[in-house]
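Residue numbers (our numbering): 3 to 210.
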Ligand code: AMP
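See below:
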């Protein structure tokens, strides 16, 4: 028998749509376990083989291959479990940046119970590009400093990542307007996930 599937909410949307900002707030304050695969990759030792692999893809705006990504993601969760930062039976994962291809969604299927997909809808490409440029300056993110790399990231989202939405039951996909201030977007996200967290905690209390 395998382990029970891990409960997860996906934060889903194009680069620059604000998933990272929202994920950090929700993870820090509201009791979700936030995992950003971009952050995990950026924390790799730049001299290591994996660090080099990451740089060679991200500097071009491309995705890291699926098998490498899933391996690193699973290792991160195992470590968090060992350190008792994360407990699959108590915590809901808030996933930011994964799955990013249909194949990743398939590879994670046996391991994740996806409760909801929060889709950050942002059709205003000029606004996304502006946000990414601003962030690159503040955070020293080289992948977002060059316009051609930003454009490639948006193309890769449209071609490889957006189809992931159709992989999930339409009933669990909740679309929020990602254009607005961080507080406005947070209010929209909370309206979707507050009832979910309440039901999850109620079910756990009655089970145990
Ligand atoms: P992000 O910070 O989420 O925009 O991710 C930065 C870069 O990390 C991406 O452009 C990819 O090169 C890589 N990356 C992050 N998450 C994934 C993923 N799930 N699959 C493949 N590559 C990823």
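Virtual Cβ for every residue (Gly too), placed ideally from N, Cα, C. Please read all numbers here as calculations on a predicted model, not as lab measurements.
Residue(s) in a DSSP beta bridge with residue i
| i | result |
| --- | --- |
| residue 9 | 115 |
| residue 98 | 13, 38 |
Cutoff 8 Å: residue i Cβ touching any chain D Cβ
| i | result |
| --- | --- |
| residue 184 | No chain D appears in this structure, which consists of one protein chain only. |
Residue i CB to nearest heavy atom of ligand 1 below 7 Å
| i | result |
| --- | --- |
| residue 178 | no |
| residue 108 | no |
| residue 15 | no |
| residue 131 | no |
| residue 120 | no |
| residue 38 | yes |
| residue 100 | yes |
| residue 63 | yes |
Cα-Cα separation between residue i and residue j, rounded to whole angstroms
| i | j | result |
| --- | --- | --- |
| residue 105 | residue 161 | 13 Å |
| residue 195 | residue 25 | 12 Å |
| residue 2 | residue 83 | In the structure as shown, the chain starts at 3 and stops at 210, and residue 2 therefore has no counterpart that could be examined. |
| residue 5 | residue 76 | 13 Å |
| residue 38 | residue 49 | 21 Å |
| residue 187 | residue 181 | 7 Å |
| residue 143 | residue 60 | 10 Å |
Quiz item: How about the region 149-163 and the region 42-58: do they share at least three Cβ pairs that are nearer than 8 Å?
Solution: Under the three-pair Cβ rule at 8 Å, the region 149-163 does not count as touching the region 42-58.
Quiz item: On the three-pair Cβ rule with 8 Å, is the region 115-134 touching the region 15-32?
Solution: Touching, yes, given that three or more Cβ pairs across the two stretches are closer than 8 Å.
Practice problem: Mind the definition here: the region 91-107 touches the region 61-79 only if three or more C-beta pairs lie below 8 Å; say whether that holds. | Solution: Touching, per the Cβ criterion.
Exercise. Specify whether the region 189-208 and the region 136-145 touch according to this definition: at least 3 beta carbon pairs, one from each stretch, less than 8 Å apart.
Key: Segments in contact, no.
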